[in-house]
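Visitor:
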Amino acid sequence: MPARNDPDGTGPVSLIGLPRERLEAELAALGVPEGQRRMRARQLFRWIYARGADAFSRMTDLPAELRDRLAEHCSLSRPRIVAEQRSADGTCKWLLRFADGQEVESVFIPEEDRGALCISTQVGCTLSCSFCHTGTMPLVRNLSAGEILAQMLVARDMLGEWPSGRPGRLFTNLVVMGMGEPLLNYDNLATALRIAMDPAGLDLSKRRITVSTSGVVPRIEQCGRELGTGLAISLHAVRDALRDRLVPINRRWNIATLLEACRHYPSRRAITFEYVMLRGVNDSDADARELVRLLRGIPAKVNLIPFNPWPGAPFVCSSNDRMRAFAAIIEAGNIAAPIRLPRGRDILAACGQLKTASQRHRAA
Ligand code: SF4
Numbered sequence: 008m009p010a011r012n013d014p015d016g017t018g019p020v021s022l023i024g025l026p027r028e029r030l031e032a033e034l035a036a037l038g039v040p041e042g043q044r045r046m047r048a049r050q051l052f053r054w055i056y057a058r059g060a061d062a063f064s065r066m067t068d069l070p071a072e073l074r075d076r077l078a079e080h081c082s083l084s085r086p087r088i089v090a091e092q093r094s095a096d097g098t099c100k101w102l103l104r105f106a107d108g109q110e111v112e113s114v115f116i117p118e119e120d121r122g123a124l125c126i127s128t129q130v131g132c133t134l135s136c137s138f139c140h141t142g143t144m145p146l147v148r149n150l151s152a153g154e155i156l157a158q159m160l161v162a163r164d165m166l167g168e169w170p171s172g173r174p175g176r177l178f179t180n181l182v183v184m185g186m187g188e189p190l191l192n193y194d195n196l197a198t199a200l201r202i203a204m205d206p207a208g209l210d211l212s213k214r215r216i217t218v219s220t221s222g223v224v225p226r227i228e229q230c231g232r233e234l235g236t237g238l239a240i241s242l243h244a245v246r247d248a249l250r251d252r253l254v255p256i257n258r259r260w261n262i263a264t265l266l267e268a269c270r271h272y273p274s275r276r277a278i279t280f281e282y283v284m285l286r287g288v289n290d291s292d293a294d295a296r297e298l299v300r301l302l303r304g305i306p307a308k309v310n311l312i313p314f315n316p317w318p319g320a321p322f323v324c325s326s327n328d329r330m331r332a333f334a335a336i337i338e339a340g341n342i343a344a345p346i347r348l349p350r351g352r353d354i355l356a357a358c359g360q361l362k363t364a365s366q367r368h369r370a371a
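So the number in our numbering is just where the residue sits in the sequence shown, counting from 1, plus 7.
1. How is P345 classed by DSSP in three states: helix, strand or coil?
2. Could you check the C-alpha separation between S325 and I262 for me, to the nearest Å?
3. Quick one: residues with CB closer than 7 Å to any heavy atom of ligand 1, in chain order, please.
4. Kindly list the residues whose CB is nearer than 8 Å to the CB of A62, restricted to its own chain and excluding five residues on each side of it in sequence; keep chain order.
5. Starting from the N-terminal side, write out each stretch of the beta strand (DSSP E) that is 3 residues or longer and does not extend beyond the stretch 252-327.
6. Please list the terminal residues of the continuous alpha helix (DSSP H) segment that includes V114.
7. For S127, does the three-state DSSP call read helix, strand or coil?
8. Compare the Cα-Cα distances from I55 to each of G97, P170 and L242 and report the closest residue.
9. For the structure I just gave you, are there three or more beta carbon pairs, one from the stretch 186-193 and one from the stretch 39-46, closer than 8 Å?
10. Select from G122, L124, F138 and G153 the residue whose C-alpha is nearest the C-alpha of F105.
11. Within 10 angstroms of its Cβ, does P321 collect 16 or more other Cβ (buried), or is it exposed?
12. Specify the secondary structure class of I202 as computed by DSSP and reduced to three states.
13. Between L298 and I346, how many whole angstroms is the CB-CB distance? I'm expecting something under 8 Å.
14. Counting beta carbon pairs with one atom in the stretch 280-289 and one in the stretch 235-246, are three or more of them shorter than 8 Å?
15. Taking only the alpha-carbon atoms, compute the straight-line gap between N257 and D251 and give it to the nearest angstrom.
16. Counting C-beta neighbours from all protein chains within 10 Å, is the total for A268 16 or more, i.e. buried, or is it exposed?
17. Report the CB separation of H140 from W317 in whole angstroms; it is logged as a contact under 8 Å.
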């Protein structure tokens with residue numbers, strides 16, 4: 008039976024993604040006396056997010072009768088993993104299907120001393136960035152707060168990492184950079200991240216969370232003020248004419264407006280500027296010098312991303328020599344400019360590729 012806060016609206020209530028006050032309201036609807044609701048909501052919250060319970064029967068400190076009522080009216084179900092790919096370098100990619108059949112990808116990227124989970128916030132995307140595979144898919148819908156959080160729960164399930172707060176865990180960092188533009192689904196993202204950051208929830212520090220945007224300027228300041236997470240900007244070009252083409256939202260908020268918002272971002276962490284390296288398009292020495300000039304006065308780091316092509320992609324990746332020369336100019340301007348190691352090249356690692364492959368397979 009689909010959960011009630013899933014789109015078709017008739018099944019049990021999915022408790023994943025409900026803030027504590029909403030949990031209290033659901034408990035009230037189940038007849039829990041007012042004096043007990045806050046405590047019961049806290050217990051539920053800890054079971055769901057700190058211990059990873061996926062069944063009410065496991066919640067042994069709740070009265071048996073309440074567990075039965077919860078099982079009858081509420082749900083803790085996760086999206087189904089319909090495809091999984093593991094790269095030789097440890098990168099894992101999961102294609103998740105929600106109750107209404109819509110699918111998104113999340114990717115776990117382990118590094119030596121930490122591991123980042125990259126999650127999606129929308130099914131498809133409206134923004135049509137020309138270097139992005141997801142941009143070729145139409146926007147189907149926003150993900151709910153529960154669906155955003157469920158990607159984190161699935162990652163903890165798959166990595167065998169419950170309880171969540173223990174030391175030595177693999178999934179330590181969260182990057183909101185998967186399918187979709189997070190700041191066009193801000194309210195659901197904010198609800199999900201507040202639960203992820205809650206010490207009684209997933210207990211991820213805001214210093215370990217980065218929200219990446221293609222430049223939805225009015226939401227940037229709000230995100231910094233309300234959530235205080237790190238910020239990444241999909242910049243990819245230093246001139247408006249080119250950025251209009253690569254990241255079309257630039258026609259609404261141009262480079263100058265975007266960088267002005269970055270200057271006022273209320274977090275002391277350096278802002279990461281993502282720059283995908285496209286041969287002969289945005290990778291000249293002049294582009295690198297202009298990038299240094301534009302970022303003056305902003306605490307910044309530039310991530311140079313080797314373009315990860317998909318079949319039919321209209322670009323090719325810059326050569327290694329070109330990327331190194333580009334990086335050297337930026338570093339000479341006192342801005343860190345690591346060339347990101349391509350991860351998961353042996354799997355369909357470009358965002359959206361696994362979903363497309365799965366759809367093609369089903370069609371066949
Ligand atoms: S880069 Fe991000 S915002 Fe642009 S089309 Fe892809 S998913 Fe959408």
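The beta-carbon is built from N, C-alpha and C at its ideal position, and this holds for glycine as well. Keep in mind it's a predicted model, so treat the numbers as computed, not measured.
Guide: Reading from the atomic positions:
1. For the purposes of this step, residue 345 is identified with residue 338 of the sequence shown, where counting begins at 1. Of the three classes helix, strand and coil, the one that applies to P345 here is coil, per DSSP.
2. The residue given as residue 325 occupies position 318 in the sequence shown. The residue given as residue 262 occupies position 255 in the sequence shown. Looking at the two C-alpha atoms, the distance is approximately 23 Å.
3. C132, L134, S135, C136, C139, T141, G142, M186, G187, E188, S221, S241, V254 and C358
4. One-based indexing of the sequence shown puts residue 62 at position 55. If we look at A62 and ignore the five residues flanking it on each side, its Cβ neighbours are A78 and L83.
5. 278-284 and 307-313
6. Position 107 of the sequence shown, counting from 1, holds the residue named residue 114. Unbroken run through V114 is the beta strand (DSSP E), E110 to P117; no alpha helix (DSSP H).
7. Against the sequence shown, residue 127 aligns to sequence position 120. Correct three-state label for S127: coil.
8. The residue you call residue 55 lines up with position 48 of the sequence shown. Of the candidates G97, P170 and L242, the one whose C-alpha sits nearest the C-alpha of I55 is P170.
9. no
10. Walking along the sequence shown from the start, residue 105 turns up at place 98. That would be G153, whose Cα lies nearest to the Cα of F105.
11. Taking the sequence shown and counting its residues from 1, one reaches residue 321 at position 314. P321 comes out exposed.
12. The count along the sequence shown starts at 1 and reaches residue 202 at position 195. Looking at I202 - three-state DSSP - the assignment turns out to be helix.
13. If you number the sequence shown from 1, residue 298 lands on position 291. If you number the sequence shown from 1, residue 346 lands on position 339. With a Cβ gap of about 14 Å, L298 and I346 do not count as contacting.
14. yes
15. Mapped onto the sequence shown, residue 257 falls at position 250. Mapped onto the sequence shown, residue 251 falls at position 244. Using only the alpha carbons, I get a separation of about 5 Å.
16. Start at 1 with the first residue of the sequence shown, and residue 268 comes out as number 261. Result: buried.
17. To locate residue 140, count along the sequence shown from 1; it is residue 133. To locate residue 317, count along the sequence shown from 1; it is residue 310. Between W317 and H140 the Cβ distance is about 5 Å, and since that is below 8 Å, they are a contact.
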